[in-house]
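Line order of the protein sequences matches chains P and A. Yeah, the first sequence ends on 1050 if you go by our numbering, and it's all consecutive. Yeah, the second sequence ends on 307 if you go by our numbering, and it's all consecutive. Built from N, CA and C at the ideal position, the CB exists for glycine as well. These figures come from a predicted structure and were not determined experimentally. As structure tokens, the structure follows; a few thoughts come after it.
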Amino acid sequence: MATRDLPVNPPRTALKNRLKPGDWLFTGIVALAAAVVVIIIIGLFYELTDRAMPSIRAFGLSFIWDTTWDPPKQQFGAGAFIIGTLITAVVALFMATAVGVLVALFLVEVASPRISRPVSYLVELLAAIPSVVYGLWGVFVLGPFIRDQFGPVLVDYLGWIPIFDGTPLITGLFSAIVILSVMILPTVMAVSRDVIAAVPRSQREGILALGATRWEMIRISILPYARSGILGAAVLGLARAVGETLAVTLVIGNRAAIPGTIFDPAYTMASVIANQFAEVENDMHRAALLEVALVLLIMTFLINVAARLLIWRVTRGQRVVVLE
Amino acid sequence: MTAYSAEQWEAGYRRRRAMNRLMTGVMVLATAMAVIPLFLILFYLIRNGIGGINLDLFTQDPNRPGRVGGGVKSALMGSGIMVGLAVAMGVPVAVGCGVFLAEFGQNRAGLVMRFLVDVLAGIPSITVGLFVYGLIVLPQKQFTAFAGAVALAIIFVPIVARITEEMVLLVPRSLREAAYALGAPRWKTVLRVILPTAVPGIVTGVMLALSRIAGEAAPLLFTALGNQFSSTDVFHAMDALPLRIFVYATGPYDYWHEQAWAMSLILVGIILAISLIVRTLFGTRVTVRQ
């Protein structure tokens, strides 16, 4: 990592004598630009709360667990969407984290730079593919594969477990989970990689000197040290999975009910908004969808805060840019 | 403590080495699993998309639904206009914010500010779309390309702000000191010495953020809405590539699906080209996730 020099302020005395009007103007302008970001964040919460007010007043807190979603009767509860979101995001997260951390370990601890740099780049390219393209691929390639090949095999072997005893279709929870895992893999991988690379050299050398194998070094000294950072990477992936919209909308099957098996169609918060907002049946429907967006916003906000605090604990002192 | 015989030690060592090899194998396997989806996606994009690319795609507007043929000129133009507008609006704010973080952000206020920028970067794009819907579309009672561009700009700003900050901090201190020594005030030092030095890095960030917003459909769904006619009027509904891919992917017609693949191939081609160019030209490690 390149060393960075923090900007030095001009010497105090010189500053006092020669603070030009231009400096005030300059400070004002860049501070204004920064203020815009603060205003946007406050505006986001305010605007969504304001527009969702009718729904918040009508349904109160029960909106969060009520699973009735009946636009014609103007009865709304986001329970089914919240459950759909949590199932898809959490399961995808476990799969992506398992693979992502192993890849990160391979890149940092095993592979030489000549291998790890291009591989790292290839995995990160997964993050550059737009959500809607993932969706298209999910509907026309992954979906049929799950319905015709992978799904039936899974049902044959695991069908005795109730949640696997379903009918694999092109769209459904399972397709959404697979797509989401691939989509958040680069996030989890890249952040874990940076966190693992930030583990001090002495941690590695100490245990190697005691005769540990490479795996023992990873298990005993690296993983415990990087634990909270890896957790942060996973939580950051979770935030992304929770907010993912179009890919999920295309493959999840869009049904406002609590899924019984992993092949059932479902809804996530983001996908119900994408699917229904353009054709709202009444004002309460619109307000309810805006409240779903508000719940989603608060949820991702809290997850993000948690993730960044965790990552910050490991990489403190070093500057790791995590752009989501 | 138990004393180990040489044989016991040998057996234990073999077991530990086998475990080490096994886990190395698992790591290699995981890495292969992580790389395969990229190639699978690129393979199908090329296989299903290449056939749909022809001159009509670029020069014709979409036909009435159900009539085979036509193109997606409206979407290509719309994406270009809205992304361009978003970049034009976003760059001043993002660079200003980044300079603020780098120049005045080495304190508690800067820490909070940096945190807020990161949080904004993590907000789901669909909620940004709804925010702009409430802010601009509802009061005006009109879906507009301008609203779409604002939504894209909100996604663009935090990415570029953080990269700008990093790039400004990378400028060697000696340059700054040299400018101060010559009597330059701070604003002049930043504008004439620091920023020009950081420009290649900032351009990298802008390019990467641009390729990210070019692929966003969620914030445009309820702001720009989509439009099957080419339009340059930013105060009316406008089409965009990701929007049209979404519509065609969910539609019933085979030629729609073919055009959706073709559009995706074009979009991903542009995005990957930007990523490759930026990487070879600037060799930066900064990456932006969709």
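| request: Could you tell me which chain A residues have their CB closer than 8 Å to the CB of residue 769 of chain P, listed as they occur along the chain? | output: Counted from its first residue, the first sequence places residue 769 of chain P at position 43. Within 8 Å Cβ-Cβ: 148 and 152.
| message | One question on the structure: do residue 142 of chain A and residue 126 of chain A come within less than 9 Å of each other, judged by their Cβ atoms? | response | Sequence index remark: in the second sequence, residue 142 of chain A carries index 125 (1-based). Sequence index remark: in the second sequence, residue 126 of chain A carries index 109 (1-based). No. Outside cutoff.
| task | Could you tell me whether the Cβ of residue 766 of chain P comes closer than 9 Å to any Cβ of chain A? | result | Walking along the first sequence from the start, residue 766 of chain P turns up at place 40. Yes, its Cβ sits closer than 9 Å to a Cβ of chain A.
| field | residue 842 of chain P to residue 854 of chain P span [Cα, whole Å] | value | Position 116 of the first sequence, counting from 1, holds the residue named residue 842 of chain P. Position 128 of the first sequence, counting from 1, holds the residue named residue 854 of chain P. Cα to Cα, residue 842 of chain P sits roughly 19 Å from residue 854 of chain P.
| task | Answer yes or no: do residue 196 of chain A and residue 210 of chain A have a C-beta to C-beta separation smaller than 9 Å? | result | In the second sequence, the residue the question calls residue 196 of chain A occupies position 179. In the second sequence, the residue the question calls residue 210 of chain A occupies position 193. In this structure, residue 210 of chain A lies closer than 9 Å to residue 196 of chain A by Cβ.
| task | List the whole-angstrom C-beta distance separating residue 241 of chain A from residue 160 of chain A, where the pair is believed to meet the contact cut-off of C-beta under 8 Å. | result | Along the second sequence, one-based indexing puts residue 241 of chain A at 224. Along the second sequence, one-based indexing puts residue 160 of chain A at 143. Yes, residue 241 of chain A and residue 160 of chain A are in contact; Cβ-Cβ is about 6 Å, under 8 Å.
| request: Tell me whether residue 797 of chain P sits in a helix, a strand or coil according to DSSP, three-state version. | output: What you label residue 797 of chain P is simply residue 71 of the first sequence in a count that begins at 1. Reduced to three states, the DSSP call for residue 797 of chain P is coil.
| said: If the criterion is Cβ atoms closer than 9 Å, does the pair residue 872 of chain P and residue 901 of chain P meet it? | reply: The sequence position of residue 872 of chain P within the first sequence is 146, counting from 1. The sequence position of residue 901 of chain P within the first sequence is 175, counting from 1. Yes.
| Hey, is the region 983-1003 of chain P in contact with the region 174-185 of chain A, meaning 3+ C-beta pairs nearer than 8 Å? | no
| said: Give me the subset of the region 37-59 of chain A whose CB atoms are less than 7 Å from a CB atom of chain P, sorted by chain position. | reply: 37, 40, 41, 43, 44, 45, 47, 48, 50, 51, 52, 54, 55 and 58
| field | Secondary structure of residue 807 of chain P, DSSP reduced to three states | value | The count along the first sequence starts at 1 and reaches residue 807 of chain P at position 81. The answer is helix: DSSP assigns residue 807 of chain P an H, G or I state.
| said: Under DSSP, the alpha helix (DSSP H) around residue 90 of chain A begins and ends at which residues? | reply: Taking the first residue of the second sequence as 1, we reach residue 90 of chain A at position 73. Taken as a continuous stretch (DSSP letters only), the alpha helix (DSSP H) holding residue 90 of chain A covers 90-121.
| request: Taking only runs that begin and end inside the region 156-241 of chain A, name each unbroken alpha helix (DSSP H) of 4 or more residues, in chain order. | output: 162-187, 190-198 and 212-231
| field | Residues in the region 26-37 of chain A having any Cβ partner in chain P nearer than 8 Å | value | 33, 34, 36 and 37
| query | Would a C-beta distance cut-off of 9 Å place residue 282 of chain A and residue 92 of chain A closer than the cut-off? | reply | Here residue 282 of chain A is taken as the residue at index 265 of the second sequence, counted from 1. Here residue 92 of chain A is taken as the residue at index 75 of the second sequence, counted from 1. The answer is no: Cβ separation not under 9 Å.
| Close-in-space but distant-in-sequence residues of the same chain around residue 112 of chain A (CB under 6 Å, 5 per side omitted) | Taking the second sequence and counting its residues from 1, the one referred to as residue 112 of chain A is at position 95. Same-chain partners within the cutoff: 181.
| residue 156 of chain A versus residue 144 of chain A: straight-line alpha-carbon distance, rounded | Within the second sequence, numbered from 1, the residue matching residue 156 of chain A stands at position 139. Within the second sequence, numbered from 1, the residue matching residue 144 of chain A stands at position 127. Roughly 18 Å separates the two Cα atoms.
| said: Please classify residue 779 of chain P as buried or exposed, where buried requires at least 16 other C-beta atoms within 10 Å of its C-beta. | reply: By one-based count along the first sequence, residue 779 of chain P stands at place 53. Flag for residue 779 of chain P reads exposed.
| Contact belief for residue 898 of chain P with residue 979 of chain P at Cβ below 8 Å, rounded distance in angstroms | Against the first sequence, residue 898 of chain P aligns to sequence position 172. Against the first sequence, residue 979 of chain P aligns to sequence position 253. Rounded, the Cβ-Cβ distance is 5 Å, consistent with contact.
| query | Should residue 253 of chain A be flagged as near chain P, meaning a C-beta pair shorter than 9 Å? | reply | Within the second sequence, numbered from 1, the residue matching residue 253 of chain A stands at position 236. Chain P contact via Cβ: absent.
| Backbone secondary structure at residue 878 of chain P - three-state DSSP | Taking the first sequence and counting its residues from 1, the one referred to as residue 878 of chain P is at position 152. The answer is helix: DSSP assigns residue 878 of chain P an H, G or I state.
| message | When you compare the CB of residue 224 of chain A with every CB in chain P, is at least one pair closer than 9 Å? | response | The residue labelled residue 224 of chain A in the question sits at position 207 within the second sequence. No, residue 224 of chain A lies away from the interface with chain P (no Cβ there is under 9 Å from its Cβ).
| request: Report buried or exposed for residue 25 of chain A, applying the criterion of at least 16 other Cβ atoms within 10 angstroms of its Cβ. | output: As a position in the second sequence, residue 25 of chain A is number 8, starting the count at 1. So residue 25 of chain A counts as exposed.
| request: Establish whether the CB of residue 933 of chain P and some CB of chain A are separated by less than 9 Å. | output: Here residue 933 of chain P refers to the residue found at position 207 of the first sequence. Taking Cβ atoms only, chain A never reaches closer than 9 Å to residue 933 of chain P, which makes this a no.
| Which of the residues in the region 986-1013 of chain P, read from start to end, lie with their CB under 8 Å from any CB of chain A? | 996, 999, 1000, 1003 and 1004
| said: Can you check whether the C-beta of residue 284 of chain A is within less than 9 Å of a C-beta belonging to chain P? | reply: Against the second sequence, residue 284 of chain A aligns to sequence position 267. It does: the Cβ of residue 284 of chain A has a partner Cβ on chain P nearer than 9 Å.
| message | Just checking: is the beta-carbon of residue 256 of chain A within a distance shorter than 9 Å of some beta-carbon in chain P? | response | The count along the second sequence starts at 1 and reaches residue 256 of chain A at position 239. Answer no: the Cβ-Cβ gap between residue 256 of chain A and chain P never drops below 9 Å.
| message | Determine whether the beta carbon atoms of residue 817 of chain P and residue 903 of chain P lie at a separation below 9 Å. | response | As a position in the first sequence, residue 817 of chain P is number 91, starting the count at 1. As a position in the first sequence, residue 903 of chain P is number 177, starting the count at 1. Against a cut-off of 9 Å, the Cβ pair of residue 903 of chain P and residue 817 of chain P comes out as a contact.
| said: Below 9 Å on C-beta distance, what does residue 1030 of chain P contact in chain A? | reply: The sequence position of residue 1030 of chain P within the first sequence is 304, counting from 1. Those are 135, 136, 138, 139 and 140, listed as they occur along chain A.
| task | Work out the CA separation of residue 28 of chain A and residue 140 of chain A for me, nearest whole Å. | result | Here residue 140 of chain A refers to the residue found at position 123 of the second sequence. Here residue 28 of chain A refers to the residue found at position 11 of the second sequence. Those two C-alpha atoms are separated by around 54 Å.
| query | Of the residues that make up the region 154-187 of chain A, which ones have a beta carbon closer than 9 Å to any beta carbon in chain P? | reply | 155, 171, 174, 175, 176, 178, 179, 180, 182, 183, 185, 186 and 187
| task | List the residues of chain A that residue 825 of chain P touches, going by C-beta distances under 7 Å, in chain order. | result | Residue 825 of chain P sits at position 99 when you count from the first residue of the first sequence. Near residue 825 of chain P (Cβ distances below 7 Å), the residues of chain A are 47, 50 and 51.
| Are any of the Cβ atoms in chain A nearer than 9 Å to that of residue 951 of chain P? | Looking up residue 951 of chain P in the first sequence gives position 225. It does not; no Cβ of chain A falls within 9 Å.
| Interface flag, residue 1027 of chain P vs chain A, CB-CB below 9 Å | Start at 1 with the first residue of the first sequence, and residue 1027 of chain P comes out as number 301. Answer yes: the Cβ-Cβ gap between residue 1027 of chain P and chain A drops below 9 Å somewhere.
| According to the neighbour-count rule (16 or more other Cβ atoms, all chains shown, within 10 Å of its Cβ), is residue 750 of chain P buried or exposed? | Working through the first sequence from its first residue, we reach residue 750 of chain P at position 24. When all chains shown are included, residue 750 of chain P counts as exposed.
| said: I'd like to know whether the C-beta atoms of residue 892 of chain P and residue 988 of chain P end up nearer to each other than 9 Å. | reply: Taking the first sequence and counting its residues from 1, the one referred to as residue 892 of chain P is at position 166. Taking the first sequence and counting its residues from 1, the one referred to as residue 988 of chain P is at position 262. Against a cut-off of 9 Å, the Cβ pair of residue 988 of chain P and residue 892 of chain P comes out as a contact.
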